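Peer 1: First the structure, then my questions, so here it is.
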Amino acid sequence: MRISLMTTCLADVMAPDVARSTVILLERLGHEVVYDPRQTCCGQMHTNTGYYSEAAPVVRHFVDTFERQLDDVDAIVMPSGSCTGCVRDQHRLVAQHEQDEDLEKRAGAVAAKTYELSELLVDVLKTTDVGAYFPHSVTYHPTCHSMRILKVGPRPIKLLRAVEGIEVVNLPESSTCCGFGGTFSVKNSDTSNAMVTDKAANVVRSGAEFVVAGDASCLMNIGGKLARNGDAPRPIHLAQILASTREDPFVPSAEMLGRAS
Amino acid sequence: MSTVHLGMPGVRPQHASPGSSHLRGDRSFPAKARTELANPVLRQNLQHATSTIQAKRASVVREVRDWQKLRDAGSALKWQVTDHLPEMLVQLEESVQAAGGTVHWARDAEEAGEIVTRLVLERGQQEVLKVKSMATQEIGLNETLAHAGVHAIESDLAELIVQLAGDTPSHILVPAIHRNRAEIREIFLRTMPDLDPSITDDPAELAGAARRFLREKFLDMSGSVAISGGNFAVADTGTVAVVESEGNGRMCLTLPRTLITVLGIEKIVPSFQDLEVFLQLLPRSSTGERMNPYTTLFTGVAEGDGPQEFHLVLLDNGRSAVLADPEGRSALHCIRCSACLNVCPVYERTGGHAYGSTYPGPIGAILSPQMTGVTGPDDPNASLPYASSLCGACYDVCPVKIDIPSILVHLRAKEVDQRREASGQFHGTWDVAMRGASKLMSSPRAYDAAVRASSALGAVKRTGNIGKLPSALPLIPGWTDHRDLPVPRQSFRSWWKDRERHGGAPAPRPDGDGPEDSPASGEDA
Ligand code: SF4
Numbered sequence: 001m002r003i004s005l006m007t008t009c010l011a012d013v014m015a016p017d018v019a020r021s022t023v024i025l026l027e028r029l030g031h032e033v034v035y036d037p038r039q040t041c042c043g044q045m046h047t048n049t050g051y052y053s054e055a056a057p058v059v060r061h062f063v064d065t066f067e068r069q070l071d072d073v074d075a076i077v078m079p080s081g082s083c084t085g086c087v088r089d090q091h092r093l094v095a096q097h098e099q100d101e102d103l104e105k106r107a108g109a110v111a112a113k114t115y116e117l118s119e120l121l122v123d124v125l126k127t128t129d130v131g132a133y134f135p136h137s138v139t140y141h142p143t144c145h146s147m148r149i150l151k152v153g154p155r156p157i158k159l160l161r162a163v164e165g166i167e168v169v170n171l172p173e174s175s176t177c178c179g180f181g182g183t184f185s186v187k188n189s190d191t192s193n194a195m196v197t198d199k200a201a202n203v204v205r206s207g208a209e210f211v212v213a214g215d216a217s218c219l220m221n222i223g224g225k226l227a228r229n230g231d232a233p234r235p236i237h238l239a240q241i242l243a244s245t246r247e248d249p250f251v252p253s254a255e256m257l258g259r260a261s
Numbered sequence: 262m263s264t265v266h267l268g269m270p271g272v273r274p275q276h277a278s279p280g281s282s283h284l285r286g287d288r289s290f291p292a293k294a295r296t297e298l299a300n301p302v303l304r305q306n307l308q309h310a311t312s313t314i315q316a317k318r319a320s321v322v323r324e325v326r327d328w329q330k331l332r333d334a335g336s337a338l339k340w341q342v343t344d345h346l347p348e349m350l351v352q353l354e355e356s357v358q359a360a361g362g363t364v365h366w367a368r369d370a371e372e373a374g375e376i377v378t379r380l381v382l383e384r385g386q387q388e389v390l391k392v393k394s395m396a397t398q399e400i401g402l403n404e405t406l407a408h409a410g411v412h413a414i415e416s417d418l419a420e421l422i423v424q425l426a427g428d429t430p431s432h433i434l435v436p437a438i439h440r441n442r443a444e445i446r447e448i449f450l451r452t453m454p455d456l457d458p459s460i461t462d463d464p465a466e467l468a469g470a471a472r473r474f475l476r477e478k479f480l481d482m483s484g485s486v487a488i489s490g491g492n493f494a495v496a497d498t499g500t501v502a503v504v505e506s507e508g509n510g511r512m513c514l515t516l517p518r519t520l521i522t523v524l525g526i527e528k529i530v531p532s533f534q535d536l537e538v539f540l541q542l543l544p545r546s547s548t549g550e551r552m553n554p555y556t557t558l559f560t561g562v563a564e565g566d567g568p569q570e571f572h573l574v575l576l577d578n579g580r581s582a583v584l585a586d587p588e589g590r591s592a593l594h595c596i597r598c599s600a601c602l603n604v605c606p607v608y609e610r611t612g613g614h615a616y617g618s619t620y621p622g623p624i625g626a627i628l629s630p631q632m633t634g635v636t637g638p639d640d641p642n643a644s645l646p647y648a649s650s651l652c653g654a655c656y657d658v659c660p661v662k663i664d665i666p667s668i669l670v671h672l673r674a675k676e677v678d679q680r681r682e683a684s685g686q687f688h689g690t691w692d693v694a695m696r697g698a699s700k701l702m703s704s705p706r707a708y709d710a711a712v713r714a715s716s717a718l719g720a721v722k723r724t725g726n727i728g729k730l731p732s733a734l735p736l737i738p739g740w741t742d743h744r745d746l747p748v749p750r751q752s753f754r755s756w757w758k759d760r761e762r763h764g765g766a767p768a769p770r771p772d773g774d775g776p777e778d779s780p781a782s783g784e785d786a
């Protein structure tokens with residue numbers, strides 16, 4: 001298949017290994033990955049903070065960029081539950097706010113081909129064993145938007161369980177939000193801090209070496225707290241685990257969500 | 262769900278009256294939350310109570326195989342009510358009158374307070390008994406009555422605790438959720454004159470003390486007045502339903518001579534049979550019980566049985582204003598079960614007082630600002646729609662499927678739009694930052710250059726993560742006060758470009774320390 005990668009702006013700049021891992025994984029599975037460098041952002045931050053009119057040019061640009069490819073690619077993949085949720089549910093709302101019916105229609109066509117990584121692997125590529133190797137214990141944090149908006153359900157866990165050498169351990173209170181919430185983490189920083197403090201404590205309690213999730217943003221939040229506390233567990237994105245093999249194993253670097261190997 | 266166009270109202274709907282209504286705090290949510298978060302006892306009390314009740318709810322909901330269908334039915338009935346509210350209210354009035362009751366219409370808290378006070382004084386009473394009610398809390402009825410020299414006694418155990426402590430409720434269902442047993446014992450010892458000081462903080466002993474205190478009040482109720490709220494009012498029969506656990510409500514509703522019920526206009530259900538849906542949804546969602554111990558249904562007056570006078574006060578106080586917004590109006594569907602509070606990670610940490618309103622938690626965050634209207638960026642209620650990480654847990658548990666996260670975002674957008682349209686008001690830190698980011702993220706060239714610049718920062722800072730630092734960027738300190746931030750290194754786009762230069766060959770892994778390639782090294786996209 002020919003798959004177009006939307007890295008998300010956050011992964012592009014702050015967690016590039018998540019996007020690289022997505023490319024490496026999909027190519028290893030025999031697919032062709034295309035990347036249009038004109039891409040920027042899905043507009044989620046603007047939308048969720050209520051700046052619909054400011055989100056509109058971003059959404060328009062997103063639709064312009066990916067609409068061009070619709071006939072040439074089989075799917076568009078985003079390694080993020082919340083950004084995929086924004087494309088699927090909120091681009092429509094932004095178009096409606098701008099009373100732009102044409103944009104609404106075009107956004108719908110792009111959204112129909114857009115998948116979050118675990119959805120793409122399990123539903124479109126029909127695979128759960130991607131041939132990965134990751135000899136570590138991990139605990140899975142289901143991010144809110146992947147769990148409650150996209151409803152990815154057990155897909156990520158199925159993918160993880162098929163990884164060779166991995167041990168998946170239970171995360172206490174796993175379904176509670178980590179406190180990121182985009183601009184919430186800044187506008188309500190004290191409440192957000194109370195939430196991520198508990199999430200980090202539960203990650204430590206799980207005893208896992210890594211906390212894995214499908215959203216780099218939530219991982220930056222949880223990982224940032226773990227790093228600040230000097231706690232041992234490290235954050236890792238699902239794509240990074242699935243890209244790791246015996247030949248090219250994941251070795252964490254000093255950088256959050258980065259890799260040394 | 263498509264919304265019905267309700268037409269133009271003859272009278273412009275007005276917001277809740279600012280004077281008497283308890284719908285707005287004195288400080289913004291973040292400021293109040295900061296105070297509450299600093300109280301470790303509060304946090305412990307809340308965490309214990311909400312997690313217990315949440316687990317109970319989950320287990321009794323799991324038993325009901327058609328739970329999702331019940332929710333659909335509850336939601337559909339409530340949409341039917343908001344779509345036809347004017348007609349149904351008139352129908353309710355006729356039914357209540359036909360059953361021998363009297364109906365009063367109150368536009369706001371003041372009007373409702375006046376009506377109730379007049380009814381009490383006309384009957385020569387100085388003391389009234391109260392059944393726990395959100396509506397009377399919302400309109401500050403106890404204070405209004407006190408001004409007129411009438412003492413209102415709360416008969417609900419938790420409400421009584423709050424009243425005796427001179428406190429305000431912090432939860433819809435468990436008003437004293439922020440108190441633990443030891444604190445309650447102290448309050449009782451301070452306020453109940455005849456209490457034996459050897460009382461322990463055993464819940465049974467505390468409940469016994471409250472029961473003795475209240476029984477005396479119940480015993481001399483002949484000729485008396487009681488005031489209640491109501492959970493549901495049936496349009497076609499005029500029946501009012503009060504759902505409770507303790508039985509004190511049943512006493513208040515049956516023993517006095519005169520019963521006054523204050524009811525928000527959204528509490529209507531179309532027909533008696535519809536109660537079957539809500540009486541299944543409500544107890545499981547609220548207390549986590551299969552059935553609540555006491556459900557009292559009363560229809561007008563019956564000679565020789567129960568109160569001989571029944572007054573129904575229908576309260577608007579901003580509800581018509583909520584109804585006027587097609588995207589926000591489903592906030593009126595709330596049946597006050599409090600499931601959304603118990604599951605909310607924000608409420609669980611800040612408690613109810615941080616919301617500054619009778620209605621706390623996720624439902625309060627969408628209901629209070631719509632009822633009061635928002636007067637400007639400094640209105641404390643302007644901060645409520647932002648008091649959520651949009652995690653969506655509330656929507657999942659709501660028995661009438663109110664899409665709280667979507668309404669939160671809608672209200673944010675409404676507030677931003679209002680400011681954008683009001684000339685001279687769109688210059689806040691966020692406005693400027695969001696406008697700048699919008700320009701940047703809709704221009705691939707500018708964006709590309711910005712990504713390169715941020716990676717250059719990574720080349721300067723050699724350690725892995727940014728620790729605590731004062732920053733020139735307005736948005737970062739809130740983050741780095743509490744957690745680290747990764748240092749931007751080689752961006753993905755630059756790695757991809759390198760890789761294409763190498764003929765698409767599997768690119769080398771970046772070593773993590775390499776600076777960004779120079780902007781001159783490739784064509785701009
Ligand atoms: S919004 Fe829904 S969950 Fe929250 S109190 Fe109302 S009915 Fe219950």
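So the protein sequences, as listed, match chains F and Z. Just so it is clear: in the first sequence, position 124 is 124 by the numbering used here, and no numbers are missing. For the numbering used here, add 261 to where a residue sits in the second sequence, where the first one is 1. For glycine and all other residues, C-beta sits at the position ideal for the given N, C-alpha and C. Just so we're clear, the structure is a prediction, and the values are computed from it rather than from any experiment.
(1) Applying a beta-carbon distance threshold of less than 7 angstroms, which residues of chain Z neighbour F:Glu54?
(2) To the nearest angstrom, report how far apart F:Met14 and Z:Val670 are at their CA atoms.
(3) Whole angstroms is fine: what's the gap from F:Val169's alpha carbon to F:Gly224's?
(4) With 7 angstroms as the limit, tell me which residues of the segment 663 to 686 of chain Z have their beta carbon closer than that to any beta carbon of chain F; keep them in chain order.
(5) What did DSSP end up calling F:Lys187 once you bin it into helix, strand or coil?
(6) Considering only their Cβ atoms, is the gap separating Z:Arg545 from Z:Pro623 smaller than 9 angstroms?
(7) With contact counted as at least three CB pairs below 8 angstroms, one residue from each stretch, are the segment 531 to 543 of chain Z and the segment 381 to 395 of chain Z in contact?
(8) Can you tell me whether F:Tyr35 is helix, strand or coil according to DSSP?
(9) Just the C-alpha distance for Z:Thr500 and Z:Cys513, rounded to the nearest angstrom, thanks.
(10) Over what stretch of residues does the alpha helix (DSSP H) that includes Z:Val392 continue unbroken?
(11) Spatial neighbours of F:Val138 within its chain, please: CB distance less than 8 angstroms, with the 5 preceding and 5 following residues excluded, ordered by chain position.
(12) So, using beta-carbon positions, are Z:Ala419 and Z:Ala437 closer together than 9 angstroms?
(13) Return yes when the Cβ of F:Lys113 is within less than 9 angstroms of the Cβ of F:Ile157, no when it is not.
(14) Would you list the one or two residues that DSSP bridges to Z:Ala563?
(15) Work out the CA separation of F:Arg88 and Z:Phe479 for me, nearest whole Å.
(16) Among the residues of its own chain, which have a CB less than 8 angstroms from the CB of F:Leu257, if the five just before and after it don't count?
(17) Check Z:His671 in the structure and name its three-state DSSP category.
(18) Report the rounded CA-to-CA distance for F:Val203 versus Z:Arg511, giving the unit in angstroms.
(19) Consult DSSP for Z:Thr500 and reduce its assignment to one of helix, strand or coil.
(20) Identify the contact partners of F:Arg234 in chain Z, using a Cβ-Cβ distance below 7 angstroms as the criterion.
(21) Z:Pro623: beta carbon under 8 angstroms from a heavy atom of ligand 1?
(22) Which residues of chain F have a Cβ atom closer than 8 angstroms to the Cβ of Z:Val607, listed in chain order?
(23) Does any C-beta atom of chain F lie closer than 9 angstroms to the C-beta of Z:His266?
(24) To which residues of the same chain is F:His97 closer than 8 angstroms at the C-beta, ignoring the five residues directly before and after it?
(25) Cβ-heavy atom distance between Z:Ile314 and ligand 1 below 8 angstroms?
(26) What is the rounded straight-line gap between the Cα of Z:Leu576 and the Cα of Z:Leu628?
(27) Please name the residue in Z:Glu527, Z:Met552, Z:Thr519 whose C-alpha comes closest to that of Z:Gly787.
(28) Starting from the Cα of F:Thr143, find the closest Cα among Z:Lys662, Z:Ser755, Z:Cys652 and give me that residue.
(29) Inspect the beta-carbon positions of Z:Thr619 and Z:Gly612 and report whether they are closer than 9 angstroms.
(30) State yes or no: is the C-beta of Z:Val661 nearer than 8 angstroms to some heavy atom of ligand 1?
(31) How about Z:Ala592 and Z:Ile663: do their beta carbons lie closer than 9 angstroms?
(32) Just to confirm the assignment, what range does the alpha helix (DSSP H) spanning F:Gly223 have?
(33) Consider the C-beta atom of Z:His671 and the heavy atoms of ligand 1; say whether any pair is separated by less than 8 angstroms.
(34) When you compare only the Cα positions, how much space is there between F:Leu171 and Z:His345?
(35) Determine, using beta-carbon pairs with one atom in the segment 357 to 364 of chain Z and one in the segment 555 to 571 of chain Z, whether at least three such pairs fall under 8 angstroms.
(36) Below 9 angstroms between beta carbons is the criterion; list the residues of the segment 10 to 21 of chain F that meet it against any residue of chain Z, in chain order.
Peer 2: The answer reads as follows:
(1) Here the question's residue 54 of chain F lines up with position 54 in the first sequence. The contacting residues are Met695, Arg696, Ser699.
(2) Within the first sequence, the letter at position 14 stands for residue 14 of chain F. Within the second sequence, the letter at position 409 stands for residue 670 of chain Z. Distance between the alpha carbons of F:Met14 and Z:Val670: 26 angstroms.
(3) Within the first sequence, numbered from 1, the residue matching residue 169 of chain F stands at position 169. Within the first sequence, numbered from 1, the residue matching residue 224 of chain F stands at position 224. Spanning the two alpha carbons is a distance of roughly 21 angstroms.
(4) Val670, Arg673, Ala674, Glu676, Val677, Arg681
(5) Sequence index remark: in the first sequence, residue 187 of chain F carries index 187 (1-based). Residue state, collapsed to three classes: helix.
(6) Within the second sequence, numbered from 1, the residue matching residue 623 of chain Z stands at position 362. Within the second sequence, numbered from 1, the residue matching residue 545 of chain Z stands at position 284. No, Cβ-Cβ distance for Z:Pro623 and Z:Arg545 is not below 9 angstroms.
(7) no
(8) Indexing the first sequence from 1 puts residue 35 of chain F at position 35. F:Tyr35: coil per DSSP, three-state reduction.
(9) Within the second sequence, numbered from 1, the residue matching residue 500 of chain Z stands at position 239. Within the second sequence, numbered from 1, the residue matching residue 513 of chain Z stands at position 252. Between Z:Thr500 and Z:Cys513, the C-alpha separation is close to 17 angstroms.
(10) For the purposes of this step, residue 392 of chain Z is identified with residue 131 of the second sequence, where counting begins at 1. Careful: Z:Val392 lies outside any alpha helix (DSSP H) and carries neither H nor E.
(11) By 1-based counting over the first sequence, the position of residue 138 of chain F is 138. Here the set comprises Leu160, Ile166, Glu167, Val168, Val169, Ala208, Glu209, Phe210, Val211, Val212, Ile236, Ile241.
(12) For the purposes of this step, residue 419 of chain Z is identified with residue 158 of the second sequence, where counting begins at 1. For the purposes of this step, residue 437 of chain Z is identified with residue 176 of the second sequence, where counting begins at 1. A contact, by the Cβ cut-off of 9 angstroms.
(13) Your numbering for residue 157 of chain F matches position 157 in the first sequence. Your numbering for residue 113 of chain F matches position 113 in the first sequence. Not a contact, by the Cβ cut-off of 9 angstroms.
(14) Within the second sequence, the letter at position 302 stands for residue 563 of chain Z. Its beta-bridge partners are Z:Asp566.
(15) Position 218 of the second sequence holds residue 479 of chain Z. Position 88 of the first sequence holds residue 88 of chain F. When rounded, the distance between both Cα atoms is 58 angstroms.
(16) Within the first sequence, the letter at position 257 stands for residue 257 of chain F. Closer than 8 angstroms at the Cβ level, and outside the excluded window around F:Leu257, lie Met14, Ala15, Asp17, Val18, Ala216, Leu219, Met220, Gly223, Pro235, Ile236, His237, Gln240.
(17) Locating residue 671 of chain Z in the second sequence gives position 410, where the first residue counts as 1. Helix at Z:His671.
(18) One-based indexing of the first sequence puts residue 203 of chain F at position 203. One-based indexing of the second sequence puts residue 511 of chain Z at position 250. For F:Val203 and Z:Arg511, the distance between alpha carbons rounds to 48 angstroms.
(19) As a position in the second sequence, residue 500 of chain Z is number 239, starting the count at 1. Residue state, collapsed to three classes: strand.
(20) One-based indexing of the first sequence puts residue 234 of chain F at position 234. The contacting residues do not exist; F:Arg234 stays about 11 angstroms from chain Z at best.
(21) As a position in the second sequence, residue 623 of chain Z is number 362, starting the count at 1. The answer is yes for Z:Pro623.
(22) Locating residue 607 of chain Z in the second sequence gives position 346, where the first residue counts as 1. Under the 8 angstroms cutoff, chain F gives Asn188, Thr191, Met195.
(23) Taking the second sequence and counting its residues from 1, the one referred to as residue 266 of chain Z is at position 5. For Z:His266, the answer is no, since every Cβ of chain F falls outside 9 angstroms of its Cβ.
(24) Here residue 97 of chain F corresponds to residue number 97 of the first sequence, with the count starting at 1. Taken in chain order, the residues that qualify are Tyr52, Ser53, Ala56.
(25) Walking along the second sequence from the start, residue 314 of chain Z turns up at place 53. Every heavy atom of ligand 1 is 8 angstroms or more from the Cβ of Z:Ile314, so no.
(26) For the purposes of this step, residue 576 of chain Z is taken as the residue at position 315 of the second sequence. For the purposes of this step, residue 628 of chain Z is taken as the residue at position 367 of the second sequence. Each residue's alpha carbon lies about 15 angstroms from the other.
(27) Shown here, chain Z extends from 262 to 786; a query on residue 787 of chain Z therefore has no answer.
(28) Here residue 143 of chain F corresponds to residue number 143 of the first sequence, with the count starting at 1. The candidate whose alpha carbon is nearest that of F:Thr143 is Z:Cys652.
(29) Position 358 of the second sequence, counted from the first residue, corresponds to residue 619 of chain Z. Position 351 of the second sequence, counted from the first residue, corresponds to residue 612 of chain Z. Not a contact, by the Cβ cut-off of 9 angstroms.
(30) Residue 661 of chain Z sits at position 400 when you count from the first residue of the second sequence. Flag set: Cβ of Z:Val661 near ligand 1.
(31) What you label residue 592 of chain Z is simply residue 331 of the second sequence in a count that begins at 1. What you label residue 663 of chain Z is simply residue 402 of the second sequence in a count that begins at 1. Cβ distance < 9 angstroms, so Z:Ala592 and Z:Ile663 count as in contact.
(32) In the first sequence, residue 223 of chain F corresponds to position 223, counting from 1. Its alpha helix (DSSP H) spans residues 216 to 229.
(33) On the second sequence, residue 671 of chain Z is found 410 positions in, with the first residue counted as 1. False, no ligand heavy atom lies under 8 angstroms from that Cβ.
(34) Taking the first residue of the first sequence as position 1, residue 171 of chain F is located at position 171. Taking the first residue of the second sequence as position 1, residue 345 of chain Z is located at position 84. Taking the straight line joining both Cα atoms gives about 47 angstroms.
(35) yes
(36) Ala11, Asp12, Val13, Met14, Ala15, Pro16, Asp17, Val18, Ala19, Arg20
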